[in-house]
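The sequence shown begins at 69 in our numbering and counts up one residue at a time. We treat Cβ as the ideally placed atom computed from N, Cα and C, and that holds for glycine. Just so you know, these numbers come straight off a predicted model, no measurement behind them.
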Amino acid sequence: MRKEIEQYLPLLKSSVLFSFEDDKQIYDALDLLEPEILIYDKGDFIHRSYEPMKKFGFVLSGAVHVCSDDIDGNRIIMAEVQPGFTFGESICYLGIESYPVYAVSFVDTSVLWLSVKELYSNVADETVNEMQKRFTSLLASRTLAMNSRIQILSKLSIREKLLEYFNVLSSVSKNKEFVVPFNREDMATFIGVNRTALSRELSKMKNEGLIEFKKNYFKLIR
């Protein structure tokens with residue numbers, strides 16, 4: 069497993085879970101979490117609704133869409149998980165046996181699956197104690213991300229939703245220029261609007277000098 073992981077060390081270090089200076093600490097943390105790497109083709113189900121989630125995922129390459137279906141069976145994209153980020157950690161840690169959320173590979177994707185079993189331990193072990201703290205920080209950051217999503221969906225107009233979403237992306241990138249990780253259809257689904265209406269509003273905002281964009285590259289003007 070160490071040989072498989074070695075190429076991903078810089079990516080792992082970018083995560084709050086594995087941001088150690090010493091590579092040995094990363095490998096010790098991974099040994100604790102029972103790592104397993106699985107490869108998925110584009111469109112594969114990575115996790116299905118209502119199935120128990122024994123491990124949570126850390127995306128090594130590609131992208132994962134975390135989704136649910138509305139009452140009419142339409143897919144709702146709750147999050148797009150890029151390399152260096154995790155999914156399913158809350159469901160896994162809480163031991164929820166049945167939950168109406170599923171994950172699909174948006175492109176060919178590699179996922180590092182990690183167990184939380186040792187994080188319940190009360191032993192006086194330095195690695196265990198450190199990873200418990202880091203996992204708590206990870207859960208806290210996930211809560212903040214969900215709060216941001218709620219803020220976007222709570223806006224009444226398409227323009228307000230877009231500006232809220234763009235402000236979040238700008239804040240994360242610490243730059244007024246950023247990349248939207250969705251195509252237009254998926255972006256419309258993510259913020260809960262009609263795709264045609266989304267495209268129309270983006271054009272209006274561009275004409276009014278609020279934003280600039282080319283494909284997925286956006287810039288906030290004011």
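Query raised in the report: If you draw a straight line from the alpha carbon of A213 to that of V149, how long is it in whole angstroms?
Result: In the sequence shown, residue 213 corresponds to position 145, counting from 1. In the sequence shown, residue 149 corresponds to position 81, counting from 1. So the alpha carbons of these two residues sit roughly 12 Å apart.
Query - Three-state secondary structure assigned by DSSP to A192 - result: What you label residue 192 is simply residue 124 of the sequence shown in a count that begins at 1. Coil.
Query - Three-state secondary structure (DSSP) of D137 - result: Position 69 of the sequence shown, counted from the start, is the residue given in the question as residue 137. Three-state result, D137: strand.
Query raised in the report: Where does Y118 land, buried or exposed, given buried means 16+ other C-beta within 10 angstroms?
Result: Taking the sequence shown and counting its residues from 1, the one referred to as residue 118 is at position 50. With fewer than 16 Cβ atoms within 10 Å of its Cβ, Y118 is classed as exposed.
Query - C-alpha distance - K185 paired with E102, whole-angstrom precision - result: As a first step, residue 185 must be located in the sequence shown, where it is residue number 117. As a first step, residue 102 must be located in the sequence shown, where it is residue number 34. Their Cα atoms are separated by approximately 9 Å.
Query raised in the report: Going by DSSP, which residues form a beta bridge with Y285?
Result: If you number the sequence shown from 1, residue 285 lands on position 217. Its beta-bridge partners are V247 and K282.
Requested in this report: Can you give me the start and stop residues for the alpha helix (DSSP H) that F124 sits inside?
Outcome: Within the sequence shown, numbered from 1, the residue matching residue 124 stands at position 56. No alpha helix (DSSP H) contains F124, which is instead part of the beta strand (DSSP E) from F124 to S129.
**Report entry** Selected residue, minimal CA-CA separation from N142, among T257, T177 and L266
**Finding:** Here residue 142 corresponds to residue number 74 of the sequence shown, with the count starting at 1. Nearest of T257, T177 and L266 to N142, Cα basis: T257.
Requested in this report: Out of V261, D138 and D90, point me to the one whose CA is closest to L224's CA.
Outcome: As a first step, residue 224 must be located in the sequence shown, where it is residue number 156. Selected option, being the one with the closest Cα: V261.
Requested in this report: Output yes or no for whether 8 Å exceeds the beta carbon distance between E269 and I226.
Outcome: The residue you call residue 269 lines up with position 201 of the sequence shown. The residue you call residue 226 lines up with position 158 of the sequence shown. Yes.
Query raised in the report: By the 10 Å Cβ neighbour count, where 16 or more other Cβ atoms means buried, how is I139 classified, buried or exposed?
Result: Position 71 of the sequence shown, counted from the first residue, corresponds to residue 139. With fewer than 16 other Cβ atoms within 10 Å, it is exposed.
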